Each structure stands twice: as structure tokens, then as C-alpha cells.
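Just so we're aligned, residue 6 is where the sequence shown starts under the numbering used here, counting upward by one. Note that CB positions come from ideal geometry on N, CA and C, so glycine has one too. Just so we're clear, the structure is a prediction, and the values are computed from it rather than from any experiment.
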Amino acid sequence: MKSKDIIEKTLESYNDVFADITNVLLFKGKRIITEESLSDAQPFSYYKTWHRNVRSQERDVSKHWQNGQIRLAFLGVENQTVPEREMPLRIIGYDGAAYRGQIQPKRKRKKLEESQETYYPIITLVLYFGTNQKWNKNLSLKEIINVPAGLENFVSDYKINVFNLAWLSNEEIDNFRSDFKEVALYLKAKRLGTNYQGTKKNLDHAIEILDLFYAMTNDKSYKQIEEELIAHNDESQRRIKMCEVTQRIRDDGRREGEKTAINKISAVLTKLLAAGKTEEMNKAIQDREYLKKLMDEYQK
């Protein structure tokens, strides 16, 4: 099974999903960023360690957001399942490399100045997938480092943007228009201990959503439905709603439960018959509580 992290990246890398996430979390649902205005950005950057070894660092997902021919912003997404104390250090490393990458060689600087193109901002969103507790680790650089007294005003702080997906309000979740809405609904239902139902919207990225739900729940039913969809060569036949998926899983679970119960009852009655205990067998058939008692005894 592919790692959950890779599956999350795959889903979020689609422009419609990426735009939807940023519009909901940054612009309160307003359609400011369109999928047409996004293009893939280089996720890799490099840095030197204290031992002067060169290391690479990779963002989960990164995009350039453009307005016409003017590049406005570099948007990055980092996925987290567990709160991480050093997250501000990681983010400042990613963002710093992206800012450093904007510095043009000398021969190009004059042309840049003549075109009046300006440097663009870097925005990183940390999507927290945890459901047991909210993010409870550091949200800024100064929460990590120990600043000597008297130097507070000379040390720049750096804050990070963490979004607790399982704690989004119903209104915020309703603002999602892409398949990511299913993820937000599931995480919130898991946190609250309620049943996730799924929406009636056709999934645009059904394979990726089912793959992600399989990774999150370890329920093989999602994988089975995914494989059935993959078997369809015609893309139009791969249309499916999450409400249909969850209903099928519930129905399959109910049938499996009934099958298991029948097998257990049959095993008890067979043992009674083999032992010549016809009186107990007849009583078990007529008395549900007595049958349950026998099933508990025979299972020990």
C-alpha cells in the first residue's frame, strides 16, 4: 500500500483541489484562485549542513499562482498527522529557499527592473490531519529558540499557518467544492465519533479519494471499490459518489455480520445435535436469550 503521505500529495497536486483548499482556508471560500492560474513549482531546494554537506528538502505540494503574466505568489502545502515541534524551522527553510531562488543573476536584474516585475510572496499552509487533539506544538520561531535578554527586538520572528482540518466549522467545510470536502467531512466525523456519510457529489478524482480513504481507515472495502473502478476502461463509468461508497460498505458489513451470526448459530446447533441434546437444541431455536448464552459458552 502506498504511504498516506504520498496519496495526500497526489490528491492535493490537482489544480482544482489545490485552488479549493487555498480559497477556503485563505479567502473564506471566495473563488480568488482558479485552477487555470496555477502551475507546478519546483518542490526541491537545497541547503548546507553544519558539516558543509549538501542536503535536499522537498515540499509536499507547491504551486505558482499567476495573474496573467505576473507571478503573484508561491503557495506550498505541508501535510502533518502528528504535531511537530520543529515545524517553524522546516517552514522557514522552505520559504527562505524560495525567496533566495528569486534573486536573479546580475545580467538579468536590469531587465527585471525595466519590466517593473517585483518579487513575490511565499505562503505555506500546514494541513494538520490529526483528530485526537488540535495542533499543540510551536507556531512561531521565537517559541523554539532561546533569545538572550535584551536581544528580543533584534531577533526576527517567523510564524507558520497551521489549519486543524478536523476542527473546521460546518460553514467552512461547506465552502469546499472539490473532492477535498470528503476528507474534511471524514476527519471531523472521526473526531466527533460520528458516522461519515459522504456527499451526493460525483467525485472528480475517485481513484485518489478511495486510495486515501483506504490509507486512512485500512478498510479493504475502499480498495475493492477502487479496483472495480479501475477495471472500467471508459472514464465515464468511473463516476461515483461517496454517499454511494459508504452505503455499500455499510450494506456489505451488515451482510457479513449476518453471515457470521448464521455460521455461529449453525455451529452451536450442530454441536448440540451431535451431543444428542435435542431438548437444548429445541430450546435454543425458540429462546433467543438461551441461544445467545450457548453461543457465548461455546466460543470460550
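* Grab me the residues of T86's own chain with a C-beta within less than 7 angstroms of its C-beta, minus the 5 sequence neighbours each way, in chain order. => Here residue 86 is taken as the residue at index 81 of the sequence shown, counted from 1. Taken in chain order, the residues that qualify are F134, G135.
* Inter-residue spacing [alpha-carbon to alpha-carbon] between R105 and A194 -> What you label residue 105 is simply residue 100 of the sequence shown in a count that begins at 1. What you label residue 194 is simply residue 189 of the sequence shown in a count that begins at 1. Roughly 41 angstroms separates the two Cα atoms.
* Helix, strand or coil for V82, going by three-state DSSP, please let me know. => Here residue 82 is taken as the residue at index 77 of the sequence shown, counted from 1. In the structure shown, V82 sits in a strand (DSSP, three-state: E or B).
* Can you give me the Cβ contacts of I12 inside the same chain, cut-off strictly under 6 angstroms, excluding the 5 residues immediately before and after it? => Residue numbering aside, residue 12 sits at position 7 when the sequence shown is read from its first letter. Correct list, in chain order: D216, L217, A220.
* Counting only the same chain and skipping the five closest in sequence on each side, list residues whose C-beta sits under 7 angstroms from that of A24. => Along the sequence shown, one-based indexing puts residue 24 at 19. These residues qualify, in order along the chain: I38, T39, E40, L43.
* Since D45 is in the beta strand (DSSP E), which residue starts that stretch and which ends it? -> Your numbering for residue 45 matches position 40 in the sequence shown. Here the beta strand (DSSP E) through D45 covers 43 to 45.
* Are at least three pairs of beta-carbons, each pair with one atom in the region 14 to 34 and one in the region 185 to 203, less than 8 angstroms apart? -> The region 14 to 34 is in contact with the region 185 to 203.
* Just the Cα atoms here: how many angstroms apart are A280 and T265? -> Reading the sequence shown from its first residue, position 275 is the one you call residue 280. Reading the sequence shown from its first residue, position 260 is the one you call residue 265. A280 and T265 have their C-alpha atoms roughly 23 angstroms apart.
* Cβ atoms of L208 and K164: under 8 angstroms apart, would you say? -> Taking the sequence shown and counting its residues from 1, one reaches residue 164 at position 159. Taking the sequence shown and counting its residues from 1, one reaches residue 208 at position 203. The Cβ-Cβ distance between K164 and L208 does not fall below 8 angstroms.
* Figure out for me which residue from S67, A189, N137 has the closest Cα to the Cα of E83. => Here residue 83 is taken as the residue at index 78 of the sequence shown, counted from 1. The shortest C-alpha separation from E83 is found at S67.
* To do: Name the two residues that bound the continuous alpha helix (DSSP H) containing N287.
  => Position 282 of the sequence shown, counted from the start, is the residue given in the question as residue 287. Looking at the DSSP string, the run of the alpha helix (DSSP H) that includes N287 is 283 to 291.
* W70 in three-state terms, based on DSSP -> Along the sequence shown, one-based indexing puts residue 70 at 65. Assigned with DSSP and collapsed to three states, W70 falls in strand.
* Enclosing beta strand (DSSP E) for N169 [first to last residue] -> Counting from one through the sequence shown, the residue named residue 169 turns up at place 164. Note, N169: beta strand (DSSP E), 166 to 169.
* Classify Y19 as buried or exposed, calling it buried when 16 or more other Cβ atoms lie within 10 Å of its own Cβ. => Numbered from 1 along the sequence shown, position 14 holds the residue referred to as residue 19. Only buried fits Y19, as 16 or more other CB atoms lie within 10 angstroms of its CB.
* Asked: Is L197 helix, strand or coil by DSSP?
  -> What you label residue 197 is simply residue 192 of the sequence shown in a count that begins at 1. Residue state for L197 is assigned as helix, using DSSP reduced to three classes.
* Helix, strand or coil: how does DSSP classify S271 here? -> Mapped onto the sequence shown, residue 271 falls at position 266. Helix, per DSSP.
* Leaving out five residues on either side along the sequence, give the residues of the same chain with a beta carbon under 7 angstroms from the beta carbon of D10. => Here residue 10 corresponds to residue number 5 of the sequence shown, with the count starting at 1. If we look at D10 and ignore the five residues flanking it on each side, its Cβ neighbours are N84.
* Close beta carbons around W55, own chain, < 7 angstroms, minus the five adjacent residues each side -> The sequence position of residue 55 within the sequence shown is 50, counting from 1. With a pLDDT of 41 at W55, under the threshold of 50, the modelled position of that residue is not reliable, and the figure given next carries that caveat. There are no such residues.
* How about G203 and T251: do their beta carbons lie closer than 8 angstroms? -> Taking the sequence shown and counting its residues from 1, one reaches residue 203 at position 198. Taking the sequence shown and counting its residues from 1, one reaches residue 251 at position 246. Yes, the pair counts as a contact, with Cβ atoms nearer than the cut-off.
* How many Å lie between V152 and L173 at the Cα? -> Start at 1 with the first residue of the sequence shown, and residue 152 comes out as number 147. Start at 1 with the first residue of the sequence shown, and residue 173 comes out as number 168. Approximately 34 angstroms between the Cα atoms of the pair.
* **Beta-ladder partner(s) of V131, from DSSP** => Translated into positions along the sequence shown, residue 131 becomes position 126. Answer is E83, V167, bridged to V131.
* Asked: With C-beta atoms as the reference, is M300 less than 8 angstroms away from K269?
  -> Walking along the sequence shown from the start, residue 300 turns up at place 295. Walking along the sequence shown from the start, residue 269 turns up at place 264. Result yes, Cβ atoms of M300 and K269 sit closer than 8 angstroms.
* Euclidean distance between Cα positions of I214 and E231 -> Along the sequence shown, read from residue 1 onward, the residue named residue 214 stands at position 209. Along the sequence shown, read from residue 1 onward, the residue named residue 231 stands at position 226. Cα to Cα, the separation comes out at about 9 angstroms.
* Asked: If you run the structure through DSSP and keep just helix, strand and coil, what is S183?
  -> Position 178 of the sequence shown, counted from the first residue, corresponds to residue 183. In the structure shown, S183 sits in coil (DSSP, three-state: anything other than H, G, I, E or B).
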